[in-house]
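Participant:
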Amino acid sequence: MNKKMNLLFVLVSAALTLLMMLLPDAAPLGHADPIPRERVRVVTVDNSMLDPLGIVYSGVQQCTAEVLSGPHKGQVVPAANFLNSDMEKDKLYQPGDRAVAMVHHRGEVLSVTLIDLDRAPQMGLMLLGYMVLLVVFAGFSGVGALVSLLASAVMLWKVYIPLLLKGASPIPSALLLVLLLNCIIAFSVAGFSRLAVSAVLGSLLGTVATLLLSMLFAHILRLDGTTISHVSPLLSQSGLQLDIRGVYLAMTFIGASGALTDLGMDIAASCHEVQVHAPHITGRELRRAGFSVGRTVIGTMTTTLVMAYSGNFLTMLMYYQGQGTPLIDIFSYRFVAAELMSVLVGAFGLLAVAPLTACVCGWLYTRGRKEAVAA
Numbered sequence: 005m006n007k008k009m010n011l012l013f014v015l016v017s018a019a020l021t022l023l024m025m026l027l028p029d030a031a032p033l034g035h036a037d038p039i040p041r042e043r044v045r046v047v048t049v050d051n052s053m054l055d056p057l058g059i060v061y062s063g064v065q066q067c068t069a070e071v072l073s074g075p076h077k078g079q080v081v082p083a084a085n086f087l088n089s090d091m092e093k094d095k096l097y098q099p100g101d102r103a104v105a106m107v108h109h110r111g112e113v114l115s116v117t118l119i120d121l122d123r124a125p126q127m128g129l130m131l132l133g134y135m136v137l138l139v140v141f142a143g144f145s146g147v148g149a150l151v152s153l154l155a156s157a158v159m160l161w162k163v164y165i166p167l168l169l170k171g172a173s174p175i176p177s178a179l180l181l182v183l184l185l186n187c188i189i190a191f192s193v194a195g196f197s198r199l200a201v202s203a204v205l206g207s208l209l210g211t212v213a214t215l216l217l218s219m220l221f222a223h224i225l226r227l228d229g230t231t232i233s234h235v236s237p238l239l240s241q242s243g244l245q246l247d248i249r250g251v252y253l254a255m256t257f258i259g260a261s262g263a264l265t266d267l268g269m270d271i272a273a274s275c276h277e278v279q280v281h282a283p284h285i286t287g288r289e290l291r292r293a294g295f296s297v298g299r300t301v302i303g304t305m306t307t308t309l310v311m312a313y314s315g316n317f318l319t320m321l322m323y324y325q326g327q328g329t330p331l332i333d334i335f336s337y338r339f340v341a342a343e344l345m346s347v348l349v350g351a352f353g354l355l356a357v358a359p360l361t362a363c364v365c366g367w368l369y370t371r372g373r374k375e376a377v378a379a
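Going by this note's numbering, the first residue of the sequence shown is number 5, and it counts up by one from there.
This is the structure we're talking about:
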């Protein structure tokens with residue numbers, strides 16, 4: 005019966021996720037009509053209009069491109085690639101490259117503006133390979149993990165982000181999102197069991213602790229969220245009234261929630277196995293077992309969190325060290341402090357999840373047995 009319930013939950017979650025995928029995307033800010041996009045293949049390139057500026061270029065790369073999708077499929081049209089001396093965004097095309105382009109109609113004249121290389125097919129193959137390997141290795145649990153992964157992405161894109169764009173409060177909606185995702189992940193992987201409930205409660209308590217700490221640290225460090233990527237164009241181009249500080253705090257504990265859920269499930273699964281092999285264990289002994297596992301795992305989990313963040317900012321650290329910037333300056337920069345706060349808050353969250361999950365397991369598993377004895 006439990007396996008049937010697990011299968012039913014996974015199927016229902018998958019069906020609801022597919023239904024959410026049918027929801028329309030949020031309306032463009034400013035009510036601008038979106039320019040149609042199509043896939044194209046670059047046929048010829050002309051670099052004569054480019055001006056080199058050191059290691060970057062400015063100007064226009066004139067191309068011709070064959071439209072590969074949409075109503076104009078098969079047509080060869082003029083294509084423009086605008087470069088603005090920005091290494092992060094600029095790119096140079098070669099004949100044969102496949103790209104995504106904006107399609108422009110000027111009367112009977114059709115032209116396109118190249119956006120970037122079309123990487124969707126390769127990324128799709130990478131994702132498909134991961135999905136196949138996950139199912140082969142983990143079986144039905146892998147299927148549940150895939151459903152929870154898809155649900156997480158869809159809920160972020162189709163539900164949470166549109167709510168923020170409509171003016172919803174970032175923190176309460178983010179807490180609700182994390183709770184729903186924790187439930188989907190835990191019940192998809194562990195089924196309807198005390199193991200899943202323990203993992204959900206432990207990770208949720210850790211997430212709340214992370215939120216409270218992020219609010220405290222942001223106040224102490226006087227961080228208001230203005231260092232968030234793309235926040236300036238978002239506000240200036242749309243006129244959107246947005247709680248930037250709330251979005252920043254929500255980003256902090258949403259970013260840490262994955263690691264918290266992972267550790268919560270590890271501790272809960274360990275306590276579950278201990279209780280299965282020692283059914284008469286007391287709540288105190290089960291908590292001690294959870295603490296022992298937590299002390300072993302939390303060191304590597306914290307290191308993983310720190311390395312994940314530092315890896316994203318390796319070039320920034322190289323730049324500062326190459327310039328001889330003193331550490332006191334680096335730690336005082338607002339955007340550096342914001343990233344360090346995210347790391348520290350996540351690390352504190354991991355420290356909180358391990359004992360909290362162990363306490364929840366000690367209460368849930370022994371409580372059920374005591375009630376049975378009393379009956």
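Cβ coordinates follow ideal geometry from the N, Cα and C atoms, glycine included.
In its own chain, which residues sit with a C-beta less than 7 Å from the C-beta of Pro359, not counting the 5 before and 5 after it?
Facilitator: The sequence position of residue 359 within the sequence shown is 355, counting from 1. Excluding positions up to five away in sequence, the list reads Phe295 and Gly298.
Participant: Identify every run of the beta strand (DSSP E) within the stretch 87-145, keeping only runs that are complete inside it and at least 3 residues long; order them along the chain.
Facilitator: As for any beta strand (DSSP E) of minimum length 3 sitting wholly inside the stretch 87-145, the runs are 102-110 and 113-121, ordered along the chain.
Participant: Whose C-alpha, out of Gly326, Ser73 and Met269, is nearest the C-alpha of Leu199?
Facilitator: For this step, residue 199 is matched to residue 195 along the sequence shown. Per the Cα distances, Met269.
Participant: Does DSSP classify Gln66 as helix, strand or coil?
Facilitator: Position 62 of the sequence shown, counted from the start, is the residue given in the question as residue 66. Strand, per DSSP.
Participant: Ends of the alpha helix (DSSP H) at Leu264?
Facilitator: Here residue 264 refers to the residue found at position 260 of the sequence shown. Looking at the DSSP string, the run of the alpha helix (DSSP H) that includes Leu264 is Ile248 to His281.
Participant: Rounded to whole angstroms, how far is the Cβ of Gly350 from the Cβ of Ala273, which I believe are closer than 8 Å?
Facilitator: Counted from its first residue, the sequence shown places residue 350 at position 346. Counted from its first residue, the sequence shown places residue 273 at position 269. So it is not a contact: roughly 21 Å between Cβ atoms.
Participant: Have a look at the DSSP bridge pairing and note the partners of Glu343.
Facilitator: Within the sequence shown, the letter at position 339 stands for residue 343. According to DSSP, which records beta bridges pairwise, Glu343 is partnered with nothing at all.
Participant: Nearest-angstrom Cα distance between Ala254 and Glu289?
Facilitator: Against the sequence shown, residue 254 aligns to sequence position 250. Against the sequence shown, residue 289 aligns to sequence position 285. So the two alpha carbons sit approximately 36 Å from each other.
Participant: First and last residue of the beta strand (DSSP E) that includes Asp333?
Facilitator: For the purposes of this step, residue 333 is identified with residue 329 of the sequence shown, where counting begins at 1. Per DSSP, Asp333 belongs to no beta strand (DSSP E); it is in the alpha helix (DSSP H), Leu331 to Ser336.
Participant: What is the residue span of the beta strand (DSSP E) that Leu208 lies within?
Facilitator: On the sequence shown, position 204 is the one that residue 208 refers to. Segment Arg198 to Leu225 is the alpha helix (DSSP H) holding Leu208; no beta strand (DSSP E) there.
Participant: Quick one: grab the DSSP three-state call for Val377.
Facilitator: Walking along the sequence shown from the start, residue 377 turns up at place 373. The predicted position of Val377 is uncertain, since its pLDDT is 38 and thus under 50; a value taken from the coordinates is nonetheless stated next. Residue state, collapsed to three classes: helix.
Participant: Tell me, please, whether the stretch 39-46 touches the stretch 104-121 by the rule of three or more beta-carbon pairs shorter than 8 Å.
Facilitator: yes
Participant: Say whether the stretch 353-369 touches the stretch 209-229, bearing in mind that this needs 3 or more beta-carbon pairs closer than 8 Å, one atom from each stretch.
Facilitator: yes
Participant: Do Met305 and Lys162 count as a contact pair if the criterion is CB distance below 8 Å?
Facilitator: Numbered from its first residue, the sequence shown carries residue 162 at position 158. Numbered from its first residue, the sequence shown carries residue 305 at position 301. No, the pair does not count as a contact, with Cβ atoms beyond the cut-off.
Participant: Relative to the alpha-carbon of Gln126, which residue among Arg102, Ser145 and Phe141 has its alpha-carbon at the smallest distance?
Facilitator: Here residue 126 is taken as the residue at index 122 of the sequence shown, counted from 1. Closest in C-alpha terms to Gln126, from the list Arg102, Ser145 and Phe141, comes Arg102.
Participant: With DSSP run on the structure shown, which of helix, strand or coil describes Leu57?
Facilitator: Looking up residue 57 in the sequence shown gives position 53. Here Leu57 sits in strand by DSSP.
Participant: Can you tell me whether DSSP reads Asn10 as helix, strand or coil?
Facilitator: Stepping through the sequence shown from its first residue, residue 10 is reached at position 6. Of the three classes helix, strand and coil, the one that applies to Asn10 here is helix, per DSSP.
Participant: Hey, quick one: how far does the beta strand (DSSP E) through Thr48 stretch, first residue to last?
Facilitator: Position 44 of the sequence shown holds residue 48. It spans Arg41 to Asp50 - the beta strand (DSSP E) in which Thr48 sits, taken as one unbroken run.
Participant: Give me, in chain order, the residues of the same chain whose beta-carbon lies closer than 7 Å to that of Leu131; leave out the 5 immediate sequence neighbours on both sides.
Facilitator: Here residue 131 refers to the residue found at position 127 when the sequence shown is read from its first residue. Same-chain partners within the cutoff: there are none.
Participant: Can you name the start and end residues of the alpha helix (DSSP H) that Met286 belongs to?
Facilitator: For the purposes of this step, residue 286 is taken as the residue at position 282 of the sequence shown. Inspection of the sequence shows that residue 286 is occupied by Thr rather than by Met. Taken as a continuous stretch (DSSP letters only), Thr286 belongs to no alpha helix (DSSP H), as it is neither H nor E.
Participant: Let me confirm a value: Arg291 is counted as buried when at least 16 other C-beta atoms fall within 10 Å, else exposed. Which label applies?
Facilitator: One-based indexing of the sequence shown puts residue 291 at position 287. Its Cβ being crowded by 16 or more others within 10 Å, Arg291 is buried.
Participant: Once you ignore the five residues that flank Phe196 on each side, which residues in its own chain have a CB closer than 8 Å to its CB?
Facilitator: Your numbering for residue 196 matches position 192 in the sequence shown. The answer, listed in chain order, is Asn6, Met9, Asn10 and Phe13.
Participant: Using 10 angstroms around the beta-carbon of Tyr164, count the other beta-carbons present and answer buried if the total reaches 16, otherwise exposed.
Facilitator: As a position in the sequence shown, residue 164 is number 160, starting the count at 1. Under this definition Tyr164 is a buried residue.
Participant: Under 6 Å Cβ to Cβ from Ser73, same chain only, skipping five residues before and after it: list those, please.
Facilitator: As a first step, residue 73 must be located in the sequence shown, where it is residue number 69. So the list reads Glu42 and Arg43, once near-sequence residues are dropped.
Participant: Could you tell me which of Val193, His281, Gly63 and His108 sits nearest to Pro40, measuring between CA atoms?
Facilitator: Translated into the one-based positions of the sequence shown, residue 40 becomes position 36. The shortest Cα separation from Pro40 among Val193, His281, Gly63 and His108 belongs to His108.
Participant: Considering only the alpha carbon of each residue, which of Ala149, Leu154 and Ala157 lies closest to Ser192?
Facilitator: Taking the first residue of the sequence shown as 1, we reach residue 192 at position 188. Comparing Cα-Cα distances from Ser192 to each of Ala149, Leu154 and Ala157, the minimum goes to Ala149.
Participant: Name the residue from Arg110, Asp94, Leu114 and Leu368 whose alpha carbon lies nearest to the alpha carbon of Gly78.
Facilitator: Residue mapping note: residue 78 aligns to position 74 of the sequence shown, counting from 1. When only C-alpha atoms are compared, the closest one is Leu114.
Participant: With a threshold of 8 Å, are at least 3 pairs of Cβ atoms found where one atom belongs to the stretch 58-70 and the other to the stretch 79-88?
Facilitator: yes
Participant: For Pro28, which three-state DSSP category applies?
Facilitator: Against the sequence shown, residue 28 aligns to sequence position 24. Three-state result, Pro28: coil.
Participant: Do you know how far the Cα of Ala293 is from the Cα of Ala376?
Facilitator: Position 372 of the sequence shown, counting from 1, holds the residue named residue 376. Position 289 of the sequence shown, counting from 1, holds the residue named residue 293. Model confidence at Ala376 stands at a pLDDT of 40, short of 50, so the residue's coordinates are unreliable and nothing is read from them.
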